[in-house]
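In what follows, a structure is listed as structure tokens, so that the remarks can point back to it.
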Amino acid sequence: MGTILAMNLRTTLPRIGLLALASVLTGCSNDPYFEFPVQSIVPTSLRQQEANGEITPQAIVQTLSATDLPVAFLGVPDRGSQALLIRIEQNGPYETFANPDRQSVTMRHGMITGTRGLSGDLMSTEEEALLDLIRARRAGQVSYIQRYLTPEDVTEVVTYRCGVEPDATVDVSIGLVQDRATEMVAACESPDGPPFVDYYKVSGSGEILASRQWLGENLGYVAMQMLQR
Amino acid sequence: MAAVSSHRAKRVGALATAGAAFLLTSSAQSETIPSYNTYGSPGLIDMPTAEMAPDATIGLTYGRIGDSNRAAFSFQITPWLSGTFRYAGIENFDDPSSVDGVYYDRSFDVRVQLLRETRLRPAVAIGLQDFVGTGLYGGEYIVATKALAPGLRVTGGLGWGRLGSYNSFTTIGERSEVILGEGGVPTYDRWFRGDVGAFGGISWSPNDKLTFELEYSSDAYTLESARGGFEHKSPYSFGAQYRFDNDAQLGLYYAYGDTLGLQLTFPTNPKTSGIPGGIEVAGVPVKRRASGSASDLGWTADLEATERSIEQRMTTNLSREKLELVNVELRPRSATVWLRNPTYGAPAQAIGRTARVMTRTLPDSVEEFIIVPTENGIPMSAVTMKRSDLEALENDAAVEMLARTSITDAYGRGTPEDLVTFPRFNWVVAPYFDYSGFDPDMPLRIDVGARVAASYEIRRNVVLSGELRKRVIGNLDEISRESESLLPRVRTDYRLYADEGDPFIRYLTLDLYGRPAPELYSRVSVGYLERMYAGVSGEVLWKPADSRLAFGAELNYVRRRAYDGLFGLEENVTVDPVSGIEREIPDVNGHVSGYYAFGNGFHGQVDVGRYLAGDYGATFTLTREFANGWSVGAFATFTDVTEEEFGEGSFDKGIMLTIPLSAGTSRPSRTLSRQTIRSLQRDGGARLDVSSRLYDQVRTWHEPDVSNTWGRFWR
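Same order as they appear, the protein sequences are chains A and B. Numbering of the first sequence is given in the working numbering, commencing with residue 1 and proceeding in unit increments. Numbering of the second sequence is given in the working numbering, commencing with residue 230 and proceeding in unit increments.
Below, the structure is given as structure tokens:
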């Protein structure tokens, strides 16, 4: 016993020392809100969470069979990330979809009007006129506003002029959503930001079933497909 | 979605062409960071240009020409005004104050752009180089820069002083050679006087990575030639500069026909660096009440039970938002939440997340939400909003909600009790670093070690806190330079504290916070207040919740701490190691302070009073603050101590840089790293360094600061 204990001590003491050193280097605290300042030295780009990866058909089936709530698929091609979002809240015409990682997207009749937790979030939009044309599947010229936060935490307002046009009628069959839809194209330009072209597939009842929407320079184009309404 | 976008490709072709043209014009207009020179300012190789960096750019530069090393910190204070602080070390320089042949010098520059560049007109700037102090690099200039073709820029200017020392063509007035005071004073008797020389150059960037530069310098390097190894063979220098992806730039030059030069600059900008909006998770969405449910007051029948269950739900929900519920009080139509925010640097984000949690947890009849943020148990303001506004404006511009929010004084709105039980104990073990700069024997000394900090909240507004530091590696204890002081050695004995204090108690105080009257806040601190002084410090602050203006008063009774930084105290008498003269540090010092937020991020502070050494005077501070927590500022202290008594530098001055932890992590944090860079720490104009001063704690929750960060209300 004695020798074992001594050996243990001999190996344990340096271990305790190493542990103490490690705790000093990484910092520790009983305060749940404590943050270690050295994190600020490591550039965020090196620590960014890896892409969420591809959503498999099995994952879609699983999610759809587990809930009756509306489910949407979201893809951010620029980041190589995808997510399945379930509707968690409604506020008037606005529906908020979220995943367990606490990332959320708010949509109005399927048009994305805000994101949270994706980084480089779209904070809000003035979408009324654009949405009206798209839901009515009519051509026209409207103004459209997107708001973002800058790295300085100041709200940046980008005002677009959008030309909207209907295109072909197609059959949509994604997830549990099956419908006839009209494809709508919105081409937008602004003196304050890059131009973009959005696509929407709009059902006969004026719901957007799928879209490719520009969400600013940080997120780029985002693909949305409604999998269950 | 890929299918959708590809079969659309043709149709979009025309639009894309239009878009590309649009992109080209917009990138031509977007602000690029100009090339820096070896002095750390926008310029050619050694000469300045009329260019300005994008607003708020911070540049860190290391430049070298021959034996001259220059480290510089520059800041674009406004779009038309920039400032540079520089520390230079000239090797092989024959001067009595040289250490191992290296002569060290600090200098400040300012530059004002008088005219912006247009299609036809060049940009024109006027500048003062090394305009404070001994003026080793002293020179003034007026300079014009114009882009002649894409990537091709031409600069021409007139220089005085050092910048008029080579091949001058005329002389305007007489340039003084006298050093004003003990150095450290603006050299106004020299500006734009004496010989005038012409300088100029061309820079050409074939692409956005490479720049080639050629300059004709009007600097004869007279001093470096006379006392050092510099040989001025030609006024021409040329070289190339490479720009990295992160906008860092590296320039290599062949200078003055005989030597090599180098410039390495790291620019950053609080306005544009970092991930916009941060990467933290979403807050919970607003829960809209069903129509008609607001009139249901059934729950009020068992108010206490409802309150208890709401306390629980709200505590859980707020802790998911990394916020802490202090207490909640329910009325049929109104609810008050007392809040602690350990997380969010932007006060509006803490308020916004709390308000959204309230929409999800409070009975439907509660229409008025009052959020009372607390610091150290003291209510800082009352933020009042209507639940129906939150429901209606969740997806609108954030300013719409701001317009319907009122921020008022929370005096008398203290919570009757806290949900958490006291005492509360918090501790942290973490590394620290400390530094001391500008000692000619060793321009930068650094200590790295471990710190243990703890706080013990006895009651909600009575906190015992302290910090112990133990050096692991470093050389701060090796400071050997002793200089005579004609004042009590209130700060110049720093060397002894650094040498003997290991481990040392950085501070150990009992702080008592209070609200003595409406719009008034108070603090009393007793104990080891800072590294060199113990004592009692009392402070009162007047700050209306909607005001940009505040006034404060602080009175301190101090005892000098023992050099070993433990519990010992010494008499308030110091002995000068050079002259042997004993001088007494007065027991009492204090200040009356005025604070004002000018808007546009500029913030001013004036402190008038008695300093540690017993001198009377005032400190003027001007800071540019950014909503995300960054700030850059400068201060100067003028007291009744004469320049001779003060010694080198003539008066106390310095620059301050605050970087929020969130700038590195992109996650919300209230932790700020504050650095004060003083060119010299003498005994005149020295203030007690109390860490728990009220102003920053209080104003965080008042209307101007909350409005500045309101963009994050819905984040």
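Every residue, glycine too, gets a C-beta built ideally from N, C-alpha and C.
Would you give the residue range spanned by the alpha helix (DSSP H) that residue i belongs to?
i	result
A/Ser65	57 to 66
B/Asn937	932 to 937
B/Ser617	616 to 622
A/Arg87	Looking at the DSSP string, A/Arg87 is not in any alpha helix (DSSP H); the run it does join, the beta strand (DSSP E), is 81 to 91.
B/Ala727	723 to 729
Strictly under 8 Å for the Cβ-Cβ distance: is residue i near chain A by that measure?
i	result
B/Arg615	Note that residue 615 of chain B corresponds to Lys in the displayed sequence, not to Arg. Chain A contact via Cβ: absent.
B/Leu252	Interpretation of B/Leu252 is limited by its pLDDT of 34, a score under 50 that renders its predicted location unreliable; no figure is taken from the coordinates.
B/Ala575	yes
B/Arg348	no
B/Ala659	yes
B/Ser921	no
B/Asn829	no
B/Trp943	yes
B/Trp656	yes
Which class does residue i belong to by DSSP, given the choice of helix, strand or coil?
i	result
A/Ile134	helix
B/Tyr485	coil
B/Tyr840	coil
B/Ile814	coil
B/Glu536	helix
B/Val555	strand
A/Thr182	strand
B/Ser502	coil
B/Arg896	coil
A/Leu46	Bear in mind that a pLDDT of 40 at A/Leu46, under 50, signals an unreliable position, so the number given afterwards is only what the model happens to contain. A/Leu46: helix per DSSP, three-state reduction.
B/Pro745	coil
B/Val510	coil
B/Gly703	strand
B/Trp420	coil
B/Ala530	helix
A/Val38	Because the pLDDT at A/Val38 is just 48, under 50, the model does not fix this residue reliably, and the point stays unresolved.
B/Trp943	coil
B/Pro379	coil
B/Asp740	strand
A/Leu122	strand
If you measure from the beta carbon of residue i to each beta carbon in chain B, is any gap under 8 Å?
i	result
A/Ala98	yes
A/Cys252	There is simply no residue 252 of chain A to check, as chain A begins at 1 and stops at 229 in what is shown.
A/Gln82	no
A/Gly220	no
A/Thr150	yes
A/Thr92	Correcting the residue type first, residue 92 of chain A is Gly in the shown sequence and not Thr. Yes, because at least one Cβ of chain B sits closer than 8 Å to the Cβ of A/Gly92.
A/Val71	no
A/Asp179	no
A/Arg102	yes
A/Gly27	yes
A/Ile88	yes
A/Arg229	no
Is residue i near the ligand PLP, with its Cβ less than 7 Å from a heavy atom?
i	result
B/Pro933	This structure does not include the ligand PLP; it has no bound ligands of any sort.
Looking at the secondary structure, which residues open and close the beta strand (DSSP E) in which residue i lies?
i	result
B/Tyr750	749 to 757
B/Ala427	423 to 433
Please name the residues in the segment 619 to 635 of chain B whose beta-carbon is closer than 9 Å to at least one beta-carbon of chain A, in chain order.
Glu620, Ala621, Glu623, Asn624, Asp625, Ala626, Ala627, Val628
Closer than 9 Å between beta carbons: that is the criterion. Which residues of the segment 847 to 865 of chain B meet it against chain D?
Structure shown: chain D not included; protein chains present are A and B.
According to a CB-to-CB cut-off of less than 9 Å, which residues of the segment 491 to 516 of chain B neighbour chain A?
Asn498, Pro499, Lys500, Thr501, Ser502, Gly503, Ile504, Pro505, Gly506, Gly507, Ile508, Glu509, Val510, Ala511, Gly512, Val513, Pro514, Val515, Lys516
If you scan the segment 567 to 600 of chain B from start to end, which runs of the alpha helix (DSSP H) of 4 or more residues do you find wholly inside it?
The DSSP assignment places complete alpha helix (DSSP H) segments of no fewer than 4 residues inside the segment 567 to 600 of chain B at 576 to 590, in order along the chain.
Going along the chain, which residues of the segment 922 to 940 of chain B sit with their C-beta nearer than 9 Å to a C-beta in chain A?
Asn937, Thr938, Trp939, Gly940
If you scan the segment 167 to 217 of chain A from start to end, which runs of the beta strand (DSSP E) of 3 or more residues do you find wholly inside it?
Correct list: 177 to 190, 193 to 203, 208 to 214.
Give the residues from the segment 681 to 714 of chain B that approach chain A closer than 7 Å (Cβ to any Cβ), ordered along the chain.
none
Minimum length 3: unbroken beta strand (DSSP E) runs contained in the segment 281 to 367 of chain B:
287 to 294, 297 to 307, 310 to 319, 332 to 344, 352 to 358
Give, in chain order, every residue of the segment 106 to 118 of chain A whose Cβ lies closer than 9 Å to some Cβ of chain B.
Answer in chain order: Thr106, Arg108, Thr113, Gly114, Thr115, Arg116, Gly117, Leu118.
If we require 3 or more residues per run, which beta strand (DSSP E) segments fall completely within the segment 437 to 501 of chain B?
439 to 445, 465 to 472, 478 to 484, 488 to 497, all fully within the segment 437 to 501 of chain B.
Cβ-based contacts, 7 Å cut-off: residues of the segment 193 to 204 of chain A near chain B
From the segment 193 to 204 of chain A, only Pro194, Pro195, Val197, Tyr199 have a Cβ closer than 7 Å to chain B.
Threshold first: 3 residues or longer. Then list the beta strand (DSSP E) segments lying entirely within the segment 651 to 703 of chain B, N to C.
653 to 668, 671 to 688, 691 to 703
Return the residues of the segment 114 to 144 of chain A that lie within a Cβ-Cβ distance of less than 7 Å from chain B, sorted by chain order.
Gly114, Arg116, Gly117, Ser119, Gly120, Asp121, Met123, Ser124
Scan the segment 856 to 923 of chain B and note each continuous alpha helix (DSSP H) run of 4 residues or more that stays entirely inside, going in chain order.
872 to 875, 891 to 894
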